[in-house]
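Peer 1: The sequence shown finishes on residue 320 if you use full-length UniProt numbering, and the numbering steps up by one all the way, no holes. Every residue, glycine too, gets a C-beta built ideally from N, C-alpha and C. Mind having a look at this structure? Questions to follow.
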Amino acid sequence: MAIKRNRWLVGGILFIAVAALLAVSLGPLIQAAFDQPGNGYGDNAANTAASPDRQAELEGRANGYELVLEREPDNQAALEGLVEARIGLEDLSGAVEPLARLAELNPQEPRYAVLLAQAKQELEDLEGAAQTYRSVLTANPGNMEALQGLIALLIEQERPQAAVGLLQDTLKTAEQSNKIQPGTIDVIAVKLLLGQVYAEQSRYDDAIAIYDTAIQDAQNLGGTPDFRPTLAKGLILRETGKEAEARPLFETALSLAPVQFKDRIQQLIDQGAVETAPSDGATGETPGGTSDDGTTDDTSVAPDTAEPEAAPASEGQPEE
C-alpha cells in the first residue's frame, strides 16, 4: 500500500533543515525582506498593504536615498535604505539594482547576494537566481542560506536529482575544505538538507541512512549532540508506520534540543501523532455502533471536540 504523504512530515523536515539558521542573525535588511507580504516568508495579518501615510513616508524615503545616490553612488547606507524602502513599498523589482550594487561592494558579505538571489527567484528570474546562488557557493561552499536557496530552486523546477547531486558533491568536498579551514562546511546541516530532498521524493530508506550518518557525526563532535538528525529520523520512521521506533527518538531529540526549539518540536510530534493515527474505519470500530452481543454501545459516542490546531509549516525559512 502506498504511504500517504503528510503535511506534518514535509513541514517538520523543513523545520529541521533550517533550525540551525534560526540562530544566525541575517541582519535587519534580510529580515525586512522575509517579513514582507506576498513573498511566502511571513504570514502576519498585519503585513497587509501599507497605509496611505506609511506608503507616502516610504516613497519620500526612497526619493531621498535616490538623491543621495546620485551624488554618492556607492553610499552603502543609502543603498540599504533604498532596498528597505522599496521592499516596504512591495517594489521588489526596484530593490534588485541596489541589492546588486551592495553585493558587488561587499564580496565578502554573502548576505546581500543571497537576498538578491531570493528577490530574483520571487520575480521568477530563476536563471538569474540560480547563477547568483552558485556565485555565492563558489566563493563560500558552506554558505547554508545559499545552498538551501539553490536546493529549493531546483526542487521548484522539479529537478530533484540535480539537488541530490549538488548536495552529494558538497559532502565530497567537505572533508578537504574543513581540513584547510575548519568549519567551512557544516556536514550535518548538508546531510539534513539531503535527507529532506530524499523525503520529498519518498526515498525514505535513503533519508534514514543519511540521518543515521548525521547522528553519528553529531555524537563524534562531543558535547551535546545536535538534535536535528535524531528528530528527522523519528519523523521518517513515523511516516513509514514505525511509531514504536520513532517514539524513543522523539524523546531523545526533545532532551537534546535547546530551550527555544522544545515547544516547536513538541507541537510537531503531537501533530504528527494526530495526523497519522488510524481512522475508526481502519480499526474496525464504529462509534455509536453495535457491539458483538448485538447491543448498542452508546458510550462509544464521544463528545464533539475542537480540531487540533496545526503547527506552522516552518519557522523563518525561505520557500522550498
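Do D226 and I188 come within 7 Å of each other at the CB atom, strictly closer than that value?
Peer 2: Position 188 of the sequence shown, counted from the start, is the residue given in the question as residue 188. Position 226 of the sequence shown, counted from the start, is the residue given in the question as residue 226. It is a contact, given that the beta carbons lie within the stated cut-off.
Peer 1: Assign I87 to buried or exposed, taking buried as 16 or more other Cβ atoms, counted over all protein chains shown, within 10 Å of its Cβ.
Peer 2: Position 87 of the sequence shown holds residue 87. The residue is buried, with at least 16 neighbouring Cβ atoms inside 10 Å.
Peer 1: Return the chain-ordered ranges of every alpha helix (DSSP H) run that is complete within the stretch 48-73 and spans a minimum of 4 residues.
Peer 2: For the stretch 48-73, whole alpha helix (DSSP H) runs of length 4 or above, ordered along the chain, are 52-71.
Peer 1: Just checking my contact of T240 with Y204 at CB under 8 Å: how many whole Å lie between their CB atoms?
Peer 2: Your numbering for residue 240 matches position 240 in the sequence shown. Your numbering for residue 204 matches position 204 in the sequence shown. Contact flag correct, Cβ pair sits at about 5 Å.
Peer 1: Go ahead and pull the three-state DSSP assignment for D135.
Peer 2: As a working note, residue 135 is residue 135 in the sequence shown. Just to set this straight, residue 135 is Ser in the shown sequence, not Asp. In this structure, S135 counts as helix in the three-state DSSP scheme.
Peer 1: What does a CB cutoff of less than 6 Å around G234 pick up in its chain, not counting 5 residues either side in sequence?
Peer 2: Along the sequence shown, one-based indexing puts residue 234 at 234. For G234, where only same-chain residues beyond five positions count, the Cβ hits under 6 Å are A246, L249, F250.
Peer 1: Could you check the C-alpha separation between P229 and E57 for me, to the nearest Å?
Peer 2: Position 229 of the sequence shown, counting from 1, holds the residue named residue 229. Position 57 of the sequence shown, counting from 1, holds the residue named residue 57. In a straight line, the C-alpha of P229 is about 46 Å away from that of E57.
Peer 1: Assign E66 to buried or exposed, taking buried as 16 or more other Cβ atoms, counted over all protein chains shown, within 10 Å of its Cβ.
Peer 2: As a working mapping, residue 66 is identified with position 66 in the sequence shown. So E66 counts as exposed.
Peer 1: Does DSSP classify E158 as helix, strand or coil?
Peer 2: The residue given as residue 158 occupies position 158 in the sequence shown. E158: coil per DSSP, three-state reduction.
Peer 1: Quick check: the Cα distance between T299 and K191, rounded to an integer number of angstroms?
Peer 2: Numbered from 1 along the sequence shown, position 299 holds the residue referred to as residue 299. Numbered from 1 along the sequence shown, position 191 holds the residue referred to as residue 191. Unreliable placement is indicated for T299, whose pLDDT of 40 sits below 50; no coordinate value is reported for it.
Peer 1: So, at 8 Å on beta carbons, what are the nonlocal neighbours of V96 in its own chain, with the 5 sequence-adjacent residues on each side left out?
Peer 2: Taking the sequence shown and counting its residues from 1, the one referred to as residue 96 is at position 96. The answer, listed in chain order, is L116, A119, K120, L123.
Peer 1: Flag this pair as yes or no: are the beta carbons of T184 and G142 separated by less than 7 Å?
Peer 2: As a working note, residue 184 is residue 184 in the sequence shown. As a working note, residue 142 is residue 142 in the sequence shown. Yes, the Cβ-Cβ distance between T184 and G142 is below 7 Å.
Peer 1: Alpha carbon to alpha carbon, what distance is there between P160 and T286?
Peer 2: By one-based count along the sequence shown, residue 286 stands at place 286. By one-based count along the sequence shown, residue 160 stands at place 160. Any answer about T286 is weak, because its pLDDT of 39 lies below 50 and its placement is not dependable; what the coordinates show is given next. Roughly 43 Å separates the two Cα atoms.
Peer 1: What residue from Q196, G94, D125, L147 has the CA that sits closest to residue 322's CA?
Peer 2: The structure shown does not extend to residue 322, since the chain is modelled only from 1 through 320, so no value can be given for it.
Peer 1: Counting C-beta neighbours from all protein chains within 10 Å, is the total for L105 16 or more, i.e. buried, or is it exposed?
Peer 2: In the sequence shown, the residue the question calls residue 105 occupies position 105. With fewer than 16 other Cβ atoms within 10 Å, it is exposed.
Peer 1: In terms of residue numbering, what span does the alpha helix (DSSP H) encompassing P98 cover?
Peer 2: Start at 1 with the first residue of the sequence shown, and residue 98 comes out as number 98. Counting along the chain, the alpha helix (DSSP H) containing P98 begins and ends at 92-105.
Peer 1: Can you name, in chain order, every residue of its own chain whose Cβ lies under 6 Å from the Cβ of Y198, other than the five neighbours on each side?
Peer 2: Taking the first residue of the sequence shown as position 1, residue 198 is located at position 198. Result list for Y198: D206, A207, in chain order.
Peer 1: Buried or exposed: where does R180 fall if 16 or more other Cβ atoms within 10 Å of its Cβ makes it buried?
Peer 2: Taking the first residue of the sequence shown as position 1, residue 180 is located at position 180. Going by the sequence as given, residue 180 is Ile instead of Arg. Counting Cβ neighbours within 10 Å, I180 comes out exposed, since fewer than 16 surround it.
Peer 1: State the DSSP-derived secondary structure class of I269, mapped to helix, strand or coil.
Peer 2: One-based indexing of the sequence shown puts residue 269 at position 269. I269 falls in the helix class under three-state DSSP.
Peer 1: Any Cβ of chain B within less than 7 Å of the Cβ of A152?
Peer 2: Of the protein chains in this structure there is only one, and it is not chain B.
Peer 1: For L126 and R101, which I take to be in contact (beta-carbon distance under 8 Å), what is that distance rounded to the nearest angstrom?
Peer 2: Position 126 of the sequence shown, counted from the first residue, corresponds to residue 126. Position 101 of the sequence shown, counted from the first residue, corresponds to residue 101. About 22 Å; that fails the 8 Å criterion.
Peer 1: Kindly indicate which three-state DSSP category S202 falls into: helix, strand or coil?
Peer 2: Indexing the sequence shown from 1 puts residue 202 at position 202. Looking at S202 - three-state DSSP - the assignment turns out to be coil, as it is neither helix nor strand.
Peer 1: For the candidate residues Q201, A214, S255, A209, whose alpha-carbon lies nearest to that of T224?
Peer 2: Taking the first residue of the sequence shown as position 1, residue 224 is located at position 224. Considering only alpha carbons, the answer is S255.
Peer 1: Between the alpha carbons of R54 and G94, how many angstroms are there, rounded?
Peer 2: Sequence index remark: in the sequence shown, residue 54 carries index 54 (1-based). Sequence index remark: in the sequence shown, residue 94 carries index 94 (1-based). Between R54 and G94, the C-alpha separation is close to 18 Å.
Peer 1: In this structure, how does DSSP classify I180 when only helix, strand and coil are distinguished?
Peer 2: Sequence index remark: in the sequence shown, residue 180 carries index 180 (1-based). Correct three-state label for I180: helix.
Peer 1: Is K120 helix, strand or coil by DSSP?
Peer 2: What you label residue 120 is simply residue 120 of the sequence shown in a count that begins at 1. It is helical.
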